[in-house]
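I have placed the structure first, in the form of C-alpha cells, so that the comments after it can refer back to it.
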C-alpha cells in the first residue's frame, strides 16, 4: 500500500528534519508535539517543570560541536553566529528552520501521544493507529507510516548509593539545573564524567563556596579549540581520518591535548582509551581546578547524613547539594517494547532506525543513537533514508540480515564502550546511510568533474552539505558551503580586515602525497 499520511511524534531536532523530508517526498506529515514550541530539548525555560523528565537547558550551555558541523545539510547558521552556539541561540535556529521550510502548519502543539499501535488492518496495509490528547480532547487517527522522534534524552537517570536516603542535603539531576546563583556560598558535588557534568561543575564553582566533581573512571577533557586555534571537530570529522588506523588518530589527538594541560595533575585521568569512552568537551575545567574552586574526586562509596565518602576513603562533610549529571534513559511509554525497548542494550533497530522484526517497513525511529559529534546531521540523514524506504525507492534487507547486522554492531560497541552506551562515529555512519539513498559524494566521479571540491570533501571537514551534492533533493548552495567552511566558521568573530587562511589540512604531507598517487593510479586504471 502506498504511503501518503505520516505521523511524526516530536518536533525537536529529529522531528523537524522528519517533517521536512516527508514534505520533500510528497507525503502529508502530521506532527504531534506536547509542548507549545519546536526545538525539543533546546527550548529554554527558567522554571523547572515537574511534568517533564527529559533533558533541559541551563544558562551556561554552549554547543560541543561547531556551527558548520552541526547544522542541517541545506540550512547553515547565519554568518554572524560564533563558531560555537549558546544553547538559547540554538533554539532560535530550530525555530527559524521550521519557519523557513513551512513546517509549523503541520504541527499540532500541546498534543500528547497516549498510544501508538498497529491499526486493525495492519497485516495487510502496514498502517498505524495513533491516539492523542490535545486542546480539543482525545482523538485517534490512522496513518500509513510513523516516525518516532522523541529521542534518547527522555528520562533523567538517577543513580542510588548506600545511605542516600539519609542524606539531609539537596539531590537533583542536571536537567533541573539552571544557573549558578542558586548555589552561592554552598558546597556542591557534581557527579558525572561527560559534557553536562563539566559544564555544571565549572558553572557552580564560580559562585559556590567549593565545588567537587566525582567520576568513577575519570574522563578525557577535549577543548573546543583544536590545532592552530580552529574548532577541533573540523579536524576530527574528515573522511580521510577514518581510513587511518584508530591508534594513529588517537595518538594525534592525545599529543595535542597533552600540550594544553596535564590530566594527572588535575585528577582527571581516564581509565579507558580515548575513542573508547565518554569525553568531556570543556575549556575551563583545568583553570577552575588550578584556582582551587573545583576539585576532582573518585566515585562515591556511600552517603552520610551530612556528606559523602569516596572510594579512596576521602570524604566531604557539610555538603549542601548533589547534582547528578549522569545522563538519560530511553522512555517511550506510548509504544510497545517489541518496537522500542526502554533499555539501550536491548534496542533491536536496524541501523538504529528500523525495528528489525516489523512486518511492514512503515515504522521508523529517528534520533535513537548517540554520536561522537553533532546530532542534527545524523538525525537528518536517518529521516531522509526512512522516507525513501516509505516511498519504496529503497528496500530493507530480510529480517535475518537486519538482525545479523544489529548483533554484529552490538558486539563491536560492547567491546569498545560497554553495554549501556551507543556511541558511533558520525561520518562513517552518515556515509553508510547516504550510500543507501545515493547521497554520499562519490569521490571518483566528483574528482573527474570538480577535483578541488572532491579533495575538500575527502580531506576537509565532512560538513553536512556534502550530502546535498547528489542524490535526492540536491541543494544549490552545497558547493559554496563546502568550499568556504573555514571562512564561514569565523565569520561571526573575525572583525579585522585580514585574510582568512583556507584552513589547515592537519595531515602530514607524506600521507597526502601517498593518497594522491593512489588516486592518480586508480583513475588511470579506470580510464584504460
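Numbering (this note's numbering), first residue to last: 2 to 529.
For glycine and all other residues, C-beta sits at the position ideal for the given N, C-alpha and C.
Remember, it's a predicted structure, so these values are computed and weren't measured experimentally.
Return the CA-CA distance between residue 355 and residue 385, expressed in angstroms with no decimal places. Taking the chain shown and counting its residues from 1, the one referred to as residue 355 is at position 354. Taking the chain shown and counting its residues from 1, the one referred to as residue 385 is at position 384. If I take the Cα positions, the gap works out to 13 Å.
For the beta strand (DSSP E) holding residue 365, just list the boundary residues, first then last. The count along the chain shown starts at 1 and reaches residue 365 at position 364. Its beta strand (DSSP E) spans residues 364 to 366.
Assign residue 453 to one of two classes, buried (16 or more other C-beta atoms within 10 Å of its C-beta) or exposed (fewer than that). Position 452 of the chain shown holds residue 453. Residue 453 comes out exposed.
Check whether the segment 232 to 249 touches the segment 199 to 216, counting contact only when three or more Cβ pairs, one atom from each stretch, lie closer than 8 Å. A contact is defined here as three or more CB-CB pairs under 8 Å, and the segment 232 to 249 fails this definition with respect to the segment 199 to 216.
Nearest-angstrom Cα separation, counted from residue 372 out to residue 76: Position 75 of the chain shown, counting from 1, holds the residue named residue 76. Position 371 of the chain shown, counting from 1, holds the residue named residue 372. Cα-Cα distance, rounded: 21 Å.
Exposed or buried, which one is residue 416 when buried takes at least 16 other CB atoms within 10 Å? On the chain shown, residue 416 is found 415 positions in, with the first residue counted as 1. The residue is exposed, with fewer than 16 neighbouring Cβ atoms inside 10 Å.
Give the DSSP-derived three-state secondary structure of residue 481 in the structure shown. Along the chain shown, read from residue 1 onward, the residue named residue 481 stands at position 480. Note: residue 481 maps to helix in three-state DSSP.
Put residue 493 into one of helix, strand or coil per three-state DSSP. Within the chain shown, the letter at position 492 stands for residue 493. DSSP places residue 493 in coil when its eight states are reduced to three.
According to DSSP, which residues form a beta bridge with residue 281? For this step, residue 281 is matched to residue 280 along the chain shown. Answer by DSSP bridge pairing, in chain order: 222.
Helix, strand or coil at residue 231 according to DSSP, with G and I counted as helix: Residue mapping note: residue 231 aligns to position 230 of the chain shown, counting from 1. The DSSP-derived three-state label of residue 231 is coil.
Going by the DSSP bridge assignment, what does residue 215 pair with across the sheet? Looking up residue 215 in the chain shown gives position 214. Bridge partners of residue 215: 192 and 298.
In this structure, how does DSSP classify residue 32 when only helix, strand and coil are distinguished? For the purposes of this step, residue 32 is taken as residue 31 along the chain shown, with counting starting at 1. In this structure, residue 32 counts as strand in the three-state DSSP scheme.
By the 10 Å Cβ neighbour count, where 16 or more other Cβ atoms means buried, how is residue 376 classified, buried or exposed? Position 375 of the chain shown, counting from 1, holds the residue named residue 376. Residue 376 should be labelled buried.
At which residues does the alpha helix (DSSP H) containing residue 388 begin and terminate? Start at 1 with the first residue of the chain shown, and residue 388 comes out as number 387. Start and end: 377 to 392.
Please determine, among 424, 58 and 154, the residue with the shortest C-alpha to C-alpha distance to residue 48. Within the chain shown, numbered from 1, the residue matching residue 48 stands at position 47. Cα-wise, what sits closest to residue 48 is 58.
C-alpha gap between residue 330 and residue 450, whole angstroms: As a working mapping, residue 330 is identified with position 329 in the chain shown. As a working mapping, residue 450 is identified with position 449 in the chain shown. Pairing residue 330 with residue 450, the inter-Cα distance amounts to about 47 Å.
Rounded to a whole number of angstroms, what is the C-alpha to C-alpha distance between residue 360 and residue 262? The sequence position of residue 360 within the chain shown is 359, counting from 1. The sequence position of residue 262 within the chain shown is 261, counting from 1. So the alpha carbons of these two residues sit roughly 54 Å apart.
For residue 524, I'd like the list of residues in its chain whose CB is within less than 6 Å of its CB, leaving aside the five on either flank, ordered along the chain. In the chain shown, counting from the first residue as 1, residue 524 sits at position 523. Confidence at residue 524 is low in this model, with a pLDDT of 48, below 50, so the placement of that residue is unreliable and no value is reported for it.
Could you please give me the residues that DSSP links to residue 113 through a beta bridge? Position 112 of the chain shown, counting from 1, holds the residue named residue 113. Residue 113 pairs with 134.
First through last residue of the beta strand (DSSP E) which encompasses residue 322: For the purposes of this step, residue 322 is taken as the residue at position 321 of the chain shown. For residue 322, the enclosing beta strand (DSSP E) stretches over residues 322 to 325.
Is the CB of residue 253 under 8 Å away from at least one CB in chain C? As a matter of chain content, chain C is missing from the structure shown, which is built from one protein chain.
Does DSSP classify residue 168 as helix, strand or coil? In the chain shown, residue 168 corresponds to position 167, counting from 1. Taken through DSSP and simplified to helix, strand or coil, residue 168 comes out as coil.
Can you say whether residue 306 is buried or exposed, counting buried as having 16 or more other CB atoms within 10 angstroms of its CB? By one-based count along the chain shown, residue 306 stands at place 305. Here residue 306 is exposed. Its C-beta has fewer than 16 other C-beta atoms within 10 Å.
According to DSSP, residue 73 sits in a beta bridge with which residue or residues? In the chain shown, counting from the first residue as 1, residue 73 sits at position 72. Per DSSP, 76.
At the level of alpha carbons, what is the spacing between residue 323 and residue 72? Locating residue 323 in the chain shown gives position 322, where the first residue counts as 1. Locating residue 72 in the chain shown gives position 71, where the first residue counts as 1. Between the alpha carbons of residue 323 and residue 72 lies a distance of about 34 Å.
Thinking C-beta only, is residue 412 closer than 8 Å to residue 321? Taking the first residue of the chain shown as 1, we reach residue 321 at position 320. Taking the first residue of the chain shown as 1, we reach residue 412 at position 411. For residue 321 and residue 412, no; Cβs fall outside 8 Å.
Residues bridged to residue 5 [DSSP beta-bridge criterion]: Against the chain shown, residue 5 aligns to sequence position 4. Residue pairing by DSSP places residue 5 opposite no residue, since no beta bridge is assigned to it.
For residue 336, tell me which candidate among 122, 374, 148 and 16 has the shortest Cα-Cα distance. For the purposes of this step, residue 336 is identified with residue 335 of the chain shown, where counting begins at 1. Looking at 122, 374, 148 and 16, the one whose alpha-carbon comes closest to that of residue 336 is 148.
Would you check if the distance between the CB atom of residue 363 and the CB atom of residue 129 is smaller than 8 Å? Looking up residue 363 in the chain shown gives position 362. Looking up residue 129 in the chain shown gives position 128. Yes, the Cβ-Cβ distance between residue 363 and residue 129 is below 8 Å.
Would you say residue 152 and residue 342 are within 8 Å of each other, going by their C-beta atoms? Within the chain shown, the letter at position 151 stands for residue 152. Within the chain shown, the letter at position 341 stands for residue 342. Contact flag unset, no.
Cross-strand partners of residue 346 (DSSP beta bridge): The count along the chain shown starts at 1 and reaches residue 346 at position 345. Answer by DSSP bridge pairing: none, since residue 346 is not bridged.
At which residues does the alpha helix (DSSP H) containing residue 14 begin and terminate? Locating residue 14 in the chain shown gives position 13, counting from the first residue. Its alpha helix (DSSP H) spans residues 14 to 25.
Inter-residue spacing [alpha-carbon to alpha-carbon] between residue 104 and residue 41: Here residue 104 refers to the residue found at position 103 of the chain shown. Here residue 41 refers to the residue found at position 40 of the chain shown. Each residue's alpha carbon lies about 15 Å from the other.
Given residue 117 as reference, the closest of 480, 140 and 177 once Cα atoms are compared: The residue you call residue 117 lines up with position 116 of the chain shown. With distances taken between CA atoms, residue 117 lies nearest to 140 out of 480, 140 and 177.
With distances taken from CA atoms, which of 217, 347, 240 and 479 is nearest residue 430? Residue mapping note: residue 430 aligns to position 429 of the chain shown, counting from 1. Nearest to residue 430 by C-alpha distance, out of 217, 347, 240 and 479, is 240.
Taking the CB atoms as reference points, tell me whether residue 352 and residue 367 lie closer together than 8 Å. Taking the first residue of the chain shown as position 1, residue 352 is located at position 351. Taking the first residue of the chain shown as position 1, residue 367 is located at position 366. Taking C-beta atoms as the reference points, residue 352 and residue 367 fail to come closer than 8 Å.
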